[in-house]
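Under UniProt numbering, the sequence shown is numbered contiguously, ending at residue 583.
Quick reminder that beta carbons are idealized off the backbone N, C-alpha and C, glycines included.
Notes follow the structure.
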Amino acid sequence: MDYYIGIDVGTGSARACIIDNKGDIVGLASENIGLWQPQQGYYEQSTSDIWRCICISVQRAISQHNINPSWIRGIGFDATCSLAVFSNDTDEPVSVTGPNFDTDRNVILWLDHRPVEETEKINATNHNLLRYVGGKMSIEMEIPKILWLKNNMPKELFDRCKFYDLADALTHIATGNEKRSFCSVVCKQGYVPVGVDGSVKGWQEDFLKEIGLEDLTKDNFKRIGGVNGVNGEYLSAGELVGTLCEKAAAELGLPPGIAIGSGVIDAYAGWIGTVGAKVNLEGDELDSEVASNDRTQAFTRLAAVAGTSTCHLAMSPNPVFVPGVWGPYRDTILPGYWMAEGGQSATGELLRHIIETHPAFNQALSIAESYHTNIYDYLNEHLKEMVQEQQAPSISYLGRHFFFYGDLFGNRSPIADSRMTGSVIGLTSDKSVDSLSIYYYATLEFIALQTKQIVETLNKAGHNINSIFMSGSQCQNEILVKLIASACNVPVLIPRYVHAAVCHGAAMLGAKAASADSEGKTEDLWEIMDRMSKPGRKVLPTTDPHEKALLDVKYRVFLEQCYKQQEYRNLVDQAIGSWEKTK
């Protein structure tokens, strides 16, 4: 039997997933990768360290499951949307750690918030391409980070740099060639597809010059991938990039010549790994026997890829412009189709922060460990016990008078404001585990209500979302999943491979690359998704009218907390404006 490897590089680990022809996972292994934070708001990684962890994961997955390396036919990569920097002349990693730029850390991570001034300068241009990022560029994107490097690196060092999205960097290491993926290149956010809005070369020369990155326009944009069909080549997801080179093959423990598919950002791999599942909306389960599963059904399915943060992905046959939502991006997954990408900057990280900063955290953690469970499962059970003890009608009733707004890490969608913060109404002096549990529940509720806000914004702009396909670690949280279904009033579909939906999607990219004929033409990705996706589990919205009414009211308060914060901030800025000028 033929096998395919999906390699997923997340914020904290590299994972290798091996699937067979049917899409069944037969091997899975992971290795933690390094993450450095040299100062507040700065996050860095190293492609050398990442590649080492990838090699360990691949070797472990193969050896643990007795897979013959010669049976591997294709490899696909996904990674966080992080900026990787290499030397244009030696192809060696270039440090991103200022002020001396003398480490082996050559990756500025997606969640790095160092380019504050650069982001403001870019957005002040009001350039037309900002339409394709929801109206303004996010501090998490790569163009502001490249501009930060230009402003902080020695000129002679910056002039030697070339820039990759991390997924492209990994396919470059694996194959040795310079082909880029549309999925990766549009997320640098200086690119508009050729033929769209008069775009001739994809990269926007006037925009790069206006923001001070005219250096990147030289030699037909060679340092950022070149011009498609001239001095560069851009591919949709899973198209054949090349084959595994001798050096990378030796390091991975695989034979050279294995087909390598064009990589994607990790959230997009989550879309690939979930939305192809066949669904019977009338039943309780996803149904592998439903015959009709054409790609038009993808237009109504929102992929929510939930981990440290959550990305929300929706496909459409035509461009749909949504305020505060990145895109629309053409050709990233399926050629000719458009993707929109909303998101919450912190969901898993928000939950961790809220729990660990509460006075009762150590007490709760100790109890959870005594029961041999994790803190989240313990808090879920504790909430259920509180319902019984207080004879409450539901968990939501426990937090009825506690209002938490959780943009502690800024807002990505749909407000697109990195200055957004959090707020709480209902604080008391209670330091007990009960108090921690309510605070934790309110955070889950915030995540669900903000998901509703994103879905409503998408649909108001022209999408037609009627179901959410969720993947990532948060799928295991039954209270959160039920809250999302109930708040959005749509079914939430949980994949069979809860822990591995993203790398399962990456492995499908390997299958697509391996299908290439003598002319390099590959099988349609949707056909592969249709064949290899697995049925899973469905969570339906609450039918309790009282709980629905409570969530409706909570949503009204949520929106007020959201927009009142901006109003209050503006009032203060107006009041102290002249004061600041005299400082």
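Residues near residue i by beta carbon distance below 6 Å, same chain, minus five either side
{"i": "Asp417", "result": "Asn411"}
{"i": "Ile484", "result": "Ala448, Thr451, Val492"}
{"i": "Asn293", "result": "Lys278, Asp530"}
{"i": "Glu123", "result": "At residue 123 the sequence reads Asn, which differs from the Glu that was named. So the qualifying residues of the chain are Lys136, Met137."}
{"i": "Gly472", "result": "Val305, Ala306, Gly307"}
{"i": "Trp526", "result": "Arg295"}
{"i": "Leu111", "result": "Tyr43"}
{"i": "Val194", "result": "Gly202"}
{"i": "Ala514", "result": "Arg73, Gly74, Ala259"}
{"i": "Glu31", "result": "Ala14, Cys53, Ile56, Ser57"}
{"i": "Glu233", "result": "Lys179"}
Buried versus exposed call for residue i [16 or more other C-beta atoms within 10 Å across all chains shown]
{"i": "Met470", "result": "buried"}
{"i": "Tyr371", "result": "exposed"}
{"i": "Ser518", "result": "exposed"}
{"i": "Asp284", "result": "Legend: pLDDT at Asp284 = 49, less than 50; position of this residue unreliable, no value from coordinates given."}
{"i": "Thr243", "result": "buried"}
{"i": "Gly39", "result": "Looking at the sequence provided, one finds Gln at residue 39 rather than Gly. Per the 10 Å Cβ criterion, exposed."}
{"i": "Gly225", "result": "buried"}
{"i": "Trp579", "result": "exposed"}
{"i": "Glu389", "result": "exposed"}
{"i": "Lys460", "result": "exposed"}
{"i": "Asn380", "result": "buried"}
{"i": "Ala487", "result": "buried"}
{"i": "Tyr497", "result": "buried"}
{"i": "Gly336", "result": "exposed"}
{"i": "residue 625", "result": "The chain is shown from 1 up to 583; residue 625 falls before or after that span and cannot be answered."}
{"i": "Gln344", "result": "buried"}
{"i": "Gln474", "result": "buried"}
{"i": "Pro115", "result": "buried"}
Close beta carbons around residue i, own chain, < 8 Å, minus the five adjacent residues each side
{"i": "Gly1", "result": "Here residue 1 is Met; the residue named in the question, Gly, does not match the sequence. Same-chain partners within the cutoff: Asp20, Asn21, Trp71."}
{"i": "Phe101", "result": "Val94, Ser95, Met153, Pro154, Leu157"}
{"i": "Thr175", "result": "Val241, Gly242, Thr243, Leu244, Cys245, Ala248, Ile260"}
{"i": "Ile67", "result": "Tyr3, Ile18, Val26, Gly27, Ala61"}
{"i": "Glu104", "result": "The amino acid occupying residue 104 in the given sequence is Asp; Glu does not appear at that position. Excluding sequence neighbours, Asp104 sits near Ser46, Ser48, Asp49, Pro93, Ser95."}
Spatial neighbours of residue i in its chain, beta-carbon cut-off 7 Å, leaving aside the 5 residues before and after
{"i": "Ala516", "result": "Leu240, Ala259, Thr522"}
{"i": "Asp287", "result": "With a pLDDT of 49 at Asp287, under the threshold of 50, the modelled position of this residue cannot be trusted; read the value that follows with caution. Counting only Cβ-Cβ distances below 7 Å, and skipping sequence neighbours, we find Lys278, Val279, Asn280, Pro535."}
{"i": "Arg301", "result": "Val275, Ser467, Phe469"}
{"i": "Ile211", "result": "Lys121, Ile122, Thr125, Leu147"}
{"i": "Ser423", "result": "Tyr405, Gln561, Gln565"}
{"i": "Asn318", "result": "Trp338"}
{"i": "Val407", "result": "One point to set straight first is that residue 407 is Asp, not Val, in the sequence displayed. Counting only Cβ-Cβ distances below 7 Å, and skipping sequence neighbours, we find Met420, Thr421, Gly422."}
{"i": "Gln476", "result": "Val498"}
Minimum C-alpha distance to residue i - residue among the options
{"i": "Phe158", "options": "Ser138, Gln189, Lys179, Glu214", "result": "Glu214"}
{"i": "Ile395", "options": "Tyr440, Cys475, Ser413, Gly327", "result": "Tyr440"}
{"i": "His127", "options": "Ile5, Leu208, Leu252, Gly232", "result": "Leu208"}
{"i": "Gly327", "options": "Cys475, Leu458, Gln59, Asp206", "result": "Leu458"}
{"i": "Gly238", "options": "Gly76, Val387, Leu129, Leu571", "result": "Gly76"}
{"i": "Ile494", "options": "Met141, Gly270, Ala346", "result": "Gly270"}
{"i": "Pro144", "options": "Asn220, Asn106, Gln189, Ser345", "result": "Gln189"}
{"i": "Trp51", "options": "His65, Thr90, Asn106", "result": "Asn106"}
{"i": "Ser366", "options": "Ile415, Gly348, Gly462, Val433", "result": "Val433"}
{"i": "Thr97", "options": "Thr80, Lys150, Asp91", "result": "Lys150"}
{"i": "Ala167", "options": "Asn220, Thr80, Leu235, Tyr268", "result": "Thr80"}
Through-space distance from residue j to residue i, alpha-carbon basis
{"i": "residue 604", "j": "Ser63", "result": "In this structure the chain extends from 1 to 583, so residue 604 is not present and cannot be described."}
{"i": "Asp573", "j": "Phe403", "result": "25 Å"}
{"i": "Leu436", "j": "Gly12", "result": "26 Å"}
{"i": "Tyr132", "j": "Tyr329", "result": "7 Å"}
{"i": "Gly41", "j": "Ile355", "result": "21 Å"}
{"i": "Lys44", "j": "Lys162", "result": "Per the sequence shown, residue 44 should be read as Glu rather than Lys. Distance between the alpha carbons of Glu44 and Lys162: 17 Å."}
{"i": "Gly23", "j": "Met315", "result": "23 Å"}
{"i": "Asn374", "j": "Lys179", "result": "43 Å"}
{"i": "Thr332", "j": "Lys384", "result": "43 Å"}
{"i": "Asp197", "j": "Val320", "result": "14 Å"}
{"i": "Gly74", "j": "Thr217", "result": "34 Å"}
{"i": "Asn88", "j": "Ala501", "result": "35 Å"}
{"i": "Pro545", "j": "Leu427", "result": "28 Å"}
{"i": "Arg569", "j": "Ser533", "result": "47 Å"}
{"i": "Thr119", "j": "Val322", "result": "20 Å"}
{"i": "Leu254", "j": "Ile454", "result": "43 Å"}
{"i": "Ala368", "j": "Gly6", "result": "34 Å"}
**Asked** Pairing CB atoms from the stretch 474-484 with CB atoms from the stretch 429-449, are three or more of them under 8 Å?
**Response** Flag = yes, the stretch 474-484 and the stretch 429-449 touch.
**Asked** Should the stretch 170-187 be called in touch with the stretch 250-269, which here means at least 3 C-beta pairs below 8 Å?
**Response** Contact holds: three or more Cβ-Cβ distances are below 8 Å.
**Message:** So, does the stretch 378-392 touch the stretch 547-564, judging by three or more C-beta pairs under 8 Å?
**Reply:** No, the stretch 378-392 does not touch the stretch 547-564.
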